[in-house]
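What the sequence shown shows, in numbering that gives the first Met the number 0, is residues 0 to 218, in sequence order.
Here is the structure we will look at.
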Amino acid sequence: MTAAAVLTTALAQRRERPGADLAESAPDLVAAAAAMARRFRWGGVLHAFGHDDADAHHIAVEFVHPVIVGKRALPAIAHGADRATYRLRHAAPGDLALAVCDAPARRDAEPSRGAPSAAVGSSGETARNRAAEGADSPKLGDHTRPGGAVAAALAAAGERGLLTVALAGRFWVGPPVDHLLTLPADDPLVLRELQVSAYHLLWELTHALLEHGPDGPTP
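Set out below in structure tokens:
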């Protein structure tokens, strides 16, 4: 086998397992999309943010200006990570927050193992977790907390009552969220590919549920 063939095979294998894991997370993606569709039905606005502002703008444009003819435009706003916390503190409680979270390398995550990590759960479970943290929780504006500015913004959104959805790597740590979609890729470039795929899927599933969900088509 030539060197080029070896390299091509290695690159393909590096993506194969994470891609399969994304496919296996279909129930979690559908659950998150169903919750998002419900908020949109109630008139909610999507607030997108992340460690890379390009993701926030990509998500907002996709929802506001659908590429598929006939798809409904859904209200969405992009926030820079450094301003997201402030903006979300003043968002409507019925809105949605979608965060694209960077994942530190394993060696960076180890010192923070004692910190609260994000967890999938119902709104009631999430509220109980937040209440249990009490006064020991980091301040919402503290960007030195594990997860940085994005974690602070997610915490602000949760405290405000927004639906919180996070697309994260397995070593990312942050506040409890309503829907955590963990994408277990060790390669940060592969993780980025999976995150982009995940929020495209969330967009498609949200529209499918708005059009054909159990509550009937949204007017």
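We put the CB at the ideal spot given by N, CA and C, even for glycine.
Everything numeric in this text was worked out from a predicted model, so none of it was measured.
The residues P17, G168, L190, L193, in chain order, have a CB closer than 7 Å to that of A184 in the same chain once the five nearest residues on each side in sequence are set aside. Closest by C-alpha distance to A148, out of H50, A31, H46, V44, is H50. Counting only the Cα atoms, A75 lies some 4 Å from L45. Contact annotation, A47 with A59: C-beta distance approximately 5 Å; criterion of less than 8 Å satisfied.
In the DSSP annotation of this structure, H178 is not part of any alpha helix (DSSP H); the continuous beta strand (DSSP E) holding it starts and ends at 178 to 181. Nearest to D27 by alpha-carbon distance, out of W202, H178, L208, L188, is H178.
With contacts defined by Cβ atoms closer than 9 Å, G93 and G160 form a contacting pair. Relative to the Cα of D186, the nearest Cα in the group A165, F170, L180, A197 belongs to F170. Distance between K70 and L95, taken at the CA atoms: about 20 Å.
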